[in-house]
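Undergrad: Dropping a structure here in structure tokens format, bear with me for questions.
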Amino acid sequence: MELTLRERIEQEELAKFEEERLRAEVRARLASQAQVAEGAPTPPAPPAPIIVNVTNTNSSVATSTAVVGPARDQSPSMVLRLLYFCFIGWWFGPLWLFAALLMCGSVLGLPIGVLMFSKSIKAFFL
26 MELTLRERIE
36 QEELAKFEEE
46 RLRAEVRARL
56 ASQAQVAEGA
66 PTPPAPPAPI
76 IVNVTNTNSS
86 VATSTAVVGP
96 ARDQSPSMVL
106 RLLYFCFIGW
116 WFGPLWLFAA
126 LLMCGSVLGL
136 PIGVLMFSKS
146 IKAFFL
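This note's numbering applies: residue 26 is where the sequence shown begins, and numbers increase by one.
Next comes the structure, spelled out in structure tokens:
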């Protein structure tokens, strides 16, 4: 049974991904062995990536494979949040809430006002 071009491409992409994953595992093991030999503590291993296959059954477009990594926390540090509140948040936060209240006063501004209320903590503390 001969594979179609799309199936061959998918198999090649999957093989490349698997090869890169194995190489990364070997590199991580070698690095952790070197750290153990030096007596340094080993960092925790990152979570494995998630493979997502997207298929549209209504068209003849090829199936695509996406590798989704773990979500990273991009929030600012606590010191930066405290400085923001001391210099900006204490006066900008109430202005933000007042603007949100004004937006909720009209039908067109209601969705924006509700969104502003949900984001009001960031207006105070970044």
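C-beta atoms are modelled at their ideal positions from N, C-alpha and C, and glycine is treated no differently.
1. If you draw a straight line from the alpha carbon of I34 to that of E44, how long is it in whole angstroms?
2. Are the Cβ atoms of F110 and F149 separated by less than 8 Å?
3. Looking at S145 and W121, is the spacing between their C-beta atoms short of 8 Å?
4. Taking just the CA atoms, how far does P71 sit from F112?
5. What residues in its chain sit with their C-beta under 8 Å from that of Q36, if we drop five residues either side in the sequence?
6. Going along the chain, which residues of its own chain have a beta-carbon closer than 6 Å to the beta-carbon of C129, five neighbours each way excluded?
7. Is the Cβ-Cβ distance between S151 and P101 less than 8 Å?
TA: Looking at the atomic coordinates:
1. Translated into positions along the sequence shown, residue 34 becomes position 9. Translated into positions along the sequence shown, residue 44 becomes position 19. If you take the alpha carbons of I34 and E44, they lie about 15 Å apart.
2. Within the sequence shown, residue 110 is the residue found at index 85, counting from 1. Within the sequence shown, residue 149 is the residue found at index 124, counting from 1. Yes, Cβ-Cβ distance for F110 and F149 is below 8 Å.
3. If you number the sequence shown from 1, residue 121 lands on position 96. If you number the sequence shown from 1, residue 145 lands on position 120. Contact: yes.
4. By 1-based counting over the sequence shown, the position of residue 112 is 87. By 1-based counting over the sequence shown, the position of residue 71 is 46. Computed Cα separation, rounded: 37 Å.
5. Here residue 36 refers to the residue found at position 11 of the sequence shown. The residues are L28.
6. Sequence index remark: in the sequence shown, residue 129 carries index 104 (1-based). Beyond the five residues adjoining it in sequence on each side, C129 comes within less than 6 Å, by CB distance, of L135, G138 in the same chain, given in chain order.
7. The residue you call residue 151 lines up with position 126 of the sequence shown. The residue you call residue 101 lines up with position 76 of the sequence shown. At residue 151 the sequence reads Leu, which differs from the Ser that was named. It is a contact, given that the beta carbons lie within the stated cut-off.
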